[in-house]
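**Student:**
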Amino acid sequence: MANRLDNSTSPYLRQHADNPVHWQEWTPHALAEAVDRDVPILLSVGYAACHWCHVMAHESFEDDEVAAAMNDGFVCIKVDREERPDLDAVYMNATVALTGHGGWPMTCFLTPDGRPFFCGTYYPKPAFLELLSAVTNTWRNRRGEVEQASDHIATELRSMASGLPGGGPAIDPDLCDDATATALRDEDTVRGGFGNAPKFPPSALLEALLRNHERTGSAAALRAVARTGTAMARGGIYDQLAGGFARYSVDNAWVVPHFEKMLYDNALLLRVYAHWARRTGDPLARRVAEQTARFLLVELADADMFTSSLDADAAGKEGSTYVWTPAQLVEVLGDADGRWAAEVFGVTREGTFEHGASVLQLPVDPDDTARFERVGTALLAARMTRAQPGRDDKVVTAWNGLAITALVEAGVALAAPALTAAAQRCATALLSTHLVDGRLRRASLGGQVGDSAAILEDHGALATGLLTLYQVTADPQWLTAATGLLDTALAHFADPDRPGRWFDTADDAEQLVLRPGDPLDGATPSGASLITEALQIAAHLTGGDGADRYRQAAAEALQAHSPLLDRAPRSAGHWLAVAEAAVRGPLQIAVACDTPQSALLADARRLAPGGAIVVGGQLDSSELLAGRDRVAGADAAYVCRGRVCDLPVSTAPELASALGVPQ
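Residue numbers (the numbering used here): 849 to 1511.
Right, dumping it as structure tokens:
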């Protein structure tokens, strides 16, 4: 017996390869060993950037006494939640059902066939040793109680997974407006964001609010976007020196972050800030979009794809890379600039973090921009001499799909074609590495693809990214690849018994104690809402029976999940964004032009509301340009809502009027 994690494709699992615990990955061999030994499975789930995962590892998994108890009484399995979100979803539901809350590290005890009978999260060493002893004693001496508990939990999990109630309201403007109003009632109008601490970036909901504003002119929706976008961008959750957002704020004013930086957060927020900048011209939105895009390309890029995260810790200390005292500012910058920087960045003698240190904030932009740039450059250079957070180099399909979409949309909003080029390189690398024998895989490391099958969110996020690329580049390879992913999703993830419902795992994937299918949007959009977005777009970029099939599947999915918009819109932010696009048709803008440099095509992309579909090219070059040509020698834009089209227009003011947006 020995630890078996050294060849894992997960950096998180490799962090535990030197533990004295006899860790294994989740494999049929590991499950069979539990049967052969007649011992329970101890399942530990976490991820590389998780602070408390590191704490429990140092306290317990690196300790010989704890390891001996684990090895003696259990088959010990370590899972990276980002590589196996299906396992994480099943056992997180069990943990929440048993304890009322969840989180990572997640610690679950399972029967050899995978049924959970006791679950929790972080345990300090003394409590963990007591728990190991109690579970071992119960397993050996009161097995009937374990079987009874595991049966009860399995029944509860199946009940929880029974799905949404039927009979939801129709997807129409009233539903979207009511969902928006309900969400806005929860807004913190003083500090921005929604609800109380801890505060997570409400990325999908902000995108939905922007789309609602574009459709209705709602000042309240736009104010909420501006309030939250500004508060986050000026708070400690945003890296004021290098760009990029941390995962969440532990307080309700965005001051102190949980310092890990995730690819998915920054991709989703890049899309929001780029959209906000394109719609309003807000200089803060533009600056943050530019810096966030640079963060992706500099800090998270690995060759042509994007890695998963930066750790919260450096050299075992949370946030140590990022925080400053007044004395440290003076040491780097000198007395005058140091005192000025302390005032600009809100660094106080008392501190906003631990031990008198402060997280940098930027309450207002300083008047002296040259001085600000010089000071920021010097502080960033000094910060680079500190211990740096580790990086999880795992490449996750879904999160790279989100990055592709965001980079393309930011490329349009910022007039930065280099961002679109980066998205193309990422898409090429993803398809060549993660698409194996016609089926998508979840993750890779260093160019080596893992064995874990892709889940629904991977198909939806990547398909949307590819469709976004197709609209900007007119390269048919992206449309072909996207529709291939959608066809796979319809064949293997759609619920055959409940139209519009989806499972997160394929019908031919590993069968777990429960087949997960969570439709709620969380830190990332749900797989179901992502695939619905992709289907809705593809329905208007393709023709024939395929288009009708995609259109029907998207409509059924929206209708099946309308109860979420009706009852819990804050947990359905991406659903609301997709619904906003749906009630506008979605809008399609086809620009007949002879060159990709067409001024009218650029205007169409600049003026298009969020969720609109924009293509350009010559007559019959794509489905939306079938039978549509330039008019009287001039480029012409054809605006359609669903299957109803306006007369073509040839100027930006005419196009803005047709779209109902400001010029």
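Cβ coordinates follow ideal geometry from the N, Cα and C atoms, glycine included.
The structure displayed is predicted, hence computed values, not measured ones.
Figure out for me which residue from 1245, 1136, 1244 has the closest Cα to the Cα of residue 1213.
**Tutor:** 1136
**Student:** Can you grab the Cα-Cα spacing for the pair residue 934 / residue 952, in whole Å?
**Tutor:** Rounded to whole angstroms, residue 934 to residue 952 spans 15 Å at the Cα level.
**Student:** Assess contact between the region 1303-1312 and the region 1330-1347, defined as three or more Cβ pairs (one per stretch) separated by less than 8 Å. Is contact present?
**Tutor:** yes
**Student:** Please return the same chain residues whose Cβ sits closer than 6 Å to the Cβ of residue 926, not counting the five positions on each side in sequence.
**Tutor:** 861, 864, 871, 892
**Student:** Could you pull out every residue in the same chain whose Cβ sits closer than 7 Å to the Cβ of residue 1158, ignoring the five residues on either side in sequence?
**Tutor:** 897, 1108, 1109, 1147, 1237, 1239
**Student:** For residue 914 and residue 851, what's the separation of their Cα atoms in angstroms?
**Tutor:** 15 Å
**Student:** Taking residue 1512 as the reference, give the member of 1195, 971, 1104, 955 with the closest Cα.
**Tutor:** With the chain running from 849 to 1511 in the structure shown, residue 1512 is simply not present.
**Student:** Please work out which residues of its chain come closer than 7 Å, Cβ to Cβ, to residue 1354, disregarding the five sequence neighbours upstream and downstream, and give them in chain order.
**Tutor:** 1301, 1340, 1341
**Student:** May I ask you to list the residues that DSSP assigns as paired with residue 1150?
**Tutor:** 1153
**Student:** What is the residue span of the beta strand (DSSP E) that residue 894 lies within?
**Tutor:** 889-894
**Student:** Roughly how many angstroms lie between the CA atoms of residue 1260 and residue 1230, to the nearest whole one?
**Tutor:** 34 Å
**Student:** Could you tell me which residues DSSP puts in a beta bridge with residue 1318?
**Tutor:** According to DSSP, which records beta bridges pairwise, residue 1318 is partnered with nothing at all.
**Student:** Applying the 10 Å Cβ sphere with the 16-neighbour rule, what's the burial state of residue 1431?
**Tutor:** buried
**Student:** By Cβ distance, which residues of its chain are closer than 6 Å to residue 1041, with the 5 residues on each side in sequence left out?
**Tutor:** 1047, 1076
**Student:** Quick one: any contact between the region 1014-1023 and the region 1413-1433, if contact means 3 or more CB pairs under 8 Å?
**Tutor:** yes
**Student:** Roughly how many angstroms separate the alpha carbons of residue 886 and residue 986, rounded to a whole number?
**Tutor:** 13 Å
**Student:** Going by the DSSP bridge assignment, what does residue 1437 pair with across the sheet?
**Tutor:** 1462, 1487
**Student:** I'd like the list of long-range same chain contacts for residue 1114, defined as Cβ closer than 7 Å, with 5 residues on each side in sequence excluded.
**Tutor:** Closer than 7 Å at Cβ, skipping near neighbours: 1092, 1093, 1140, 1143, 1144.
**Student:** Is residue 1097 helix, strand or coil when you go by DSSP?
**Tutor:** Three-state result, residue 1097: strand.
**Student:** Check the C-beta distance from residue 1054 over to residue 1120 and give it rounded, since I have them as a contact under 8 Å.
**Tutor:** 5 Å
**Student:** Can you tell me the Cα-Cα spacing of residue 1138 and residue 1257, whole angstroms?
**Tutor:** 12 Å
**Student:** What's the call for residue 1169, buried or exposed, on a 16-neighbour Cβ count within 10 Å?
**Tutor:** Taking all protein chains in view, the Cβ of residue 1169 is crowded by 16 or more other Cβ atoms within 10 Å, so the residue is classified as buried.
**Student:** Taking the straight line between their C-alpha atoms, what separation do you get for residue 1395 and residue 1434?
**Tutor:** 14 Å
**Student:** Do the CB positions of residue 1062 and residue 1127 come within less than 8 Å of each other?
**Tutor:** yes
**Student:** Using a 10 Å radius around the Cβ and a threshold of 16 neighbouring Cβ atoms, would you call residue 1467 buried or exposed?
**Tutor:** exposed
**Student:** In this structure, how does DSSP classify residue 1351 when only helix, strand and coil are distinguished?
**Tutor:** coil
**Student:** Tell me which residues share the same chain as residue 1249 and place their Cβ nearer than 6 Å to its Cβ, disregarding the 5 neighbours each side in the sequence.
**Tutor:** Excluding its 5 nearest sequence neighbours in each direction, residue 1249 has C-beta neighbours in its own chain below 6 Å: 1309, 1310, 1313, listed in chain order.
**Student:** Name, in chain order, the residues that DSSP records as bridge partners for residue 954.
**Tutor:** 893
**Student:** Take residue 1029 as the anchor and find which of 1491, 930, 1417 has the nearest alpha-carbon.
**Tutor:** Of the candidates 1491, 930, 1417, the residue whose Cα lies closest to the Cα of residue 1029 is 1417.
**Student:** Alpha carbon to alpha carbon, how far is residue 1444 from residue 1263?
**Tutor:** 14 Å
**Student:** For residue 1399, which residues of its own chain have a beta-carbon under 7 Å away from its beta-carbon, when the five flanking residues on both sides are left out?
**Tutor:** Close CB contacts of residue 1399 within its chain, under the 7 Å cut and outside five residues either way in sequence, are with 1387 (chain order).
**Student:** When you compare only the Cα positions, how much space is there between residue 1065 and residue 968?
**Tutor:** 47 Å
**Student:** Could you tell me if the beta carbon of residue 945 falls within a distance shorter than 7 Å of some heavy atom in the ligand SAM?
**Tutor:** Here there are no bound small molecules, and the ligand SAM is not part of this structure.
**Student:** My guess is that residue 928 and residue 868 are in contact by the Cβ rule of under 8 Å, so how many angstroms apart are they, rounded?
**Tutor:** At roughly 20 Å, the Cβ-Cβ gap does not stay under 8 Å, so residue 928 and residue 868 are not in contact.
**Student:** Check the DSSP bridge columns for residue 1086 and list the partner residues they point to.
**Tutor:** 1093
**Student:** Name the one or two DSSP bridge partners that residue 926 has.
**Tutor:** 892
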